[in-house]
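**Q** In my numbering, the protein residues as written are 4 to 295. Each residue gets a CB set at the ideal place from its N, CA and C atoms; glycine is no exception.
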Amino acid sequence: MIQLMLFELKKQLKQKKFFLFLIMPFIFIVFMFFQNNGEQEQYLDDKMNQIENYLKEVDMQTAELQYENSEDGIKQFQTLKEIGRVLFAWKQAVREEQFPQSLTLEEDFLNLLVDYEDIAGPFIFSEQDRNVALEKNAILQQHNYRYLNEEHPVDPLLFTVQIGKWIFSLLGIVFTILLFGNLVMVEKEGKTLPLLFTQPIKKGYILIAKFLSTVVIVAITMFVTIGVAFLVCILFGDATFYWHYPMYTEALTKFTFVSPVLIIGRIILYFISLISFALSIALFVSCFTSSS
4 MIQLMLFELK
14 KQLKQKKFFL
24 FLIMPFIFIV
34 FMFFQNNGEQ
44 EQYLDDKMNQ
54 IENYLKEVDM
64 QTAELQYENS
74 EDGIKQFQTL
84 KEIGRVLFAW
94 KQAVREEQFP
104 QSLTLEEDFL
114 NLLVDYEDIA
124 GPFIFSEQDR
134 NVALEKNAIL
144 QQHNYRYLNE
154 EHPVDPLLFT
164 VQIGKWIFSL
174 LGIVFTILLF
184 GNLVMVEKEG
194 KTLPLLFTQP
204 IKKGYILIAK
214 FLSTVVIVAI
224 TMFVTIGVAF
234 LVCILFGDAT
244 FYWHYPMYTE
254 ALTKFTFVSP
264 VLIIGRIILY
274 FISLISFALS
284 IALFVSCFTS
294 SS
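1) Could you work out which residue in 181, 121, 288 and 149 is closest to residue 303 when comparing CA atoms only?
2) Ignore the nearest five residues each way along the sequence and tell me which others in residue 94's own chain have a CB closer than 8 angstroms to its CB.
3) What did DSSP end up calling residue 69 once you bin it into helix, strand or coil?
4) Return helix, strand or coil for residue 294, following the three-state DSSP convention.
5) Determine whether the beta carbon atoms of residue 155 and residue 46 lie at a separation below 8 angstroms.
6) Would you tell me roughly how many angstroms separate the C-alpha atoms of residue 31 and residue 114, rounded to the nearest one?
7) Under the DSSP definition of a beta bridge, which residues are partnered with residue 252?
8) Check each candidate in 27, 167, 241 and 44 and name the one with the smallest Cα separation from residue 263.
9) Count the CB pairs spanning the segment 119 to 137 and the segment 209 to 228 that are closer than 8 angstroms, and state whether there are at least three.
10) Suppose the cutoff is 7 angstroms on Cβ atoms and the five residues either side in sequence are ignored; what does the same chain contact list for residue 120 look like?
11) Below 8 angstroms between beta carbons: does that hold for residue 216 and residue 12?
12) Would you mind sorting residue 165 into buried or exposed? The rule is 16 or more other CB atoms within 10 Å of its CB.
See the structure below:
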């Protein structure tokens with residue numbers, strides 16, 4: 004059985020469609036990386052604009068409370084003035100790319116918001132959004148990380164997550180089935196399948212060998228794709244591996260953070276499972292069609 008699978012594997016590796024199966028992800032990876040790389044400066048500008056918007060909201064609220072004489076009004080006014088001071092310092096730190104300091108200042112800003120909201124109610128963020136931001140900030144400081152451009156990443160792990168969500172998706176399944184789902188039909192038309200069936204090997208073993216060899220090729224392509232994504236980032240982007248970078252996930256009303264390594268593992272597991280199921284169906288249909 005193993006020898007039969009290795010025979011099928013060698014046969015498929017020699018076909019042109021295997022190289023097409025490798026080249027297409029490579030082209031996509033290079034395209035996506037250089038597109039992402041061109042967005043890095045814009046990310047800092049967007050972050051500063053976000054802080055500037057917070058400053059505007061604080062200034063507007065401060066102006067409304069300027070002549071407030073009640074005890075709560077005075078406390079709100081003083082807290083807002085402190086929030087404004089921290090926001091200004093945070094914006095400067097982001098502009099000068101002082102990332103550890105910017106995380107500390109963001110934490111100060113979020114904690115001051117908690118103090119303000121205890122008096123005046125929700126402001127700028129919803130309670131959940133603020134809690135998400137606080138927890139993410141704590142994880143980043145714990146591991147001495149900085150904020151990354153998650154929409155256009157150039158580090159190995161987050162970039163691989165992005166690539167995986169594109170390539171190892173329904174698009175990848177359809178592409179794989181189009182290339183490898185008609186193996187039985189092609190071999191029957193090429194008169195090689197009847198020749199195999201004359202050998203002292205059970206027909207079921209031959210089909211299982213074709214199925215397993217195709218799954219191995221898919222697995223090889225996945226790991227080559229991940230390796231290429233890593234290599235491109237190491238050579239041309241941010242070579243740091245942020246193993247514990249917190250990536251936000253939400254289920255119903257709860258939220259949590261998971262590492263990019265876990266997300267990559269899930270993507271691989273889901274894709275291999277789905278492609279195995281889809282290939283088994285495709286090979287069955289191919290057998291049925293070819294036998295009619």
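**A** Let me spell this out:
1) Look at the range of the chain in this structure, 4 to 295, and you will see that residue 303 is not part of it.
2) 51, 54, 55 and 58
3) coil
4) Residue placement at residue 294 cannot be trusted, given a pLDDT of 46 that sits under 50; the coordinates are not used to answer.
5) yes
6) 42 angstroms
7) 259
8) 167
9) no
10) 126
11) yes
12) buried
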